[in-house]
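Engineer: This structure is in structure tokens; I'll ask about it shortly.
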Amino acid sequence: MSTGVCLRLLQSAGSPSTASCRRWSLISGCRGMSSVGRGSMNVFNREMKRRQKNWAASLQEGNQYDYLRDEVGGRVADRVYDIARTFPLALDIGGGKSHIAEHLNKEFVERLFLTDISEKALKQRRQTEIPTHHVLADEEFLPFKENTFDLVVSSL
Numbered sequence: 001m002s003t004g005v006c007l008r009l010l011q012s013a014g015s016p017s018t019a020s021c022r023r024w025s026l027i028s029g030c031r032g033m034s035s036v037g038r039g040s041m042n043v044f045n046r047e048m049k050r051r052q053k054n055w056a057a058s059l060q061e062g063n064q065y066d067y068l069r070d071e072v073g074g075r076v077a078d079r080v081y082d083i084a085r086t087f088p089l090a091l092d093i094g095g096g097k098s099h100i101a102e103h104l105n106k107e108f109v110e111r112l113f114l115t116d117i118s119e120k121a122l123k124q125r126r127q128t129e130i131p132t133h134h135v136l137a138d139e140e141f142l143p144f145k146e147n148t149f150d151l152v153v154s155s156l
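Position one of the sequence shown corresponds to residue 1 (full-length UniProt numbering), numbered consecutively onward.
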């Protein structure tokens, strides 16, 4: 989205002045959005997101908030257990350190593909009882055919 479009949107919303609209668009990063094709917009810079996740995974105190991710992983696993069936092949999108996988067991998930955009997060993955394949992949451009998986989970 161009700055001009941002300005028009802000002005139509009743924003006070063009100068303040320009200032807002520079602060908000509205200028950074760009069109990637007809009818679609690239809102997030995927390369920057990959760098941010790698940076976060490399922090010494990066594990400080893992208890939150573990809690979410446990809750997602509980939803899987509510289904009460076995999933031969599952996919965890953005799974990084295996926060969901460590709460699952072989009785419900026989094999798991764990994907993440961050190679550093994948290197910090935890051991689980489920046979796991680790794939470095962008969650918006997954390298799998449609209908490959019986279960897809994510805590993104």
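Don't be surprised by glycine CBs; every beta carbon is placed ideally from N, CA and C.
Source: prediction; values computed, not measured.
Name the two residues that bound the continuous beta strand (DSSP E) containing I100.
Structural biologist: Element bounds for I100: n/a, residue is neither H nor E.
Engineer: Look at the alpha carbon of P143 and the alpha carbon of T115, and state the distance between them as a whole number of angstroms.
Structural biologist: Cα-Cα distance, rounded: 10 Å.
Engineer: Can you look up V153 in the DSSP assignment and give me helix, strand or coil?
Structural biologist: strand
Engineer: Which residues in the same chain as E102 place their Cβ atom closer than 7 Å to its Cβ, once the five residues preceding and following it in sequence are excluded?
Structural biologist: Hits under 7 Å: G73, R126 and T128.
Engineer: Quick one: residues in its chain with C-beta nearer than 8 Å to the C-beta of K53, no 5 flanking neighbours on either side, listed in chain order?
Structural biologist: Closer than 8 Å at Cβ, skipping near neighbours: G96, D116, I117, S118, K120 and A121.
Engineer: For T132, write down the residues that DSSP places opposite it in a beta bridge.
Structural biologist: L112
Engineer: For I130, does the count of other Cβ atoms within 10 angstroms reach 16, so buried, or fall short, so exposed?
Structural biologist: I130 comes out buried.
Engineer: Would you call D78 buried or exposed, if buried means 16 or more other Cβ atoms sit within 10 Å of its Cβ?
Structural biologist: exposed
Engineer: Whole angstroms is fine: what's the gap from W55's alpha carbon to K123's?
Structural biologist: 13 Å
Engineer: Take A84 as the anchor and find which of E139, F108 and R46 has the nearest alpha-carbon.
Structural biologist: F108
Engineer: If you count every other CB in all the chains shown that lies within 10 Å of the CB of P44, and 16 or more means buried, which is it?
Structural biologist: A small correction: the amino acid at residue 44 is Phe; Pro does not occupy that position in the sequence shown. Classification for F44: exposed.
Engineer: Which stretch, first to last residue, makes up the alpha helix (DSSP H) that contains L68?
Structural biologist: D66 to I83
Engineer: Helix, strand or coil for N63? Go by DSSP, reduced to three states.
Structural biologist: helix
Engineer: So what does DSSP say about L142, is it helix, strand or coil?
Structural biologist: Collapsing the DSSP output to three states places L142 in coil.
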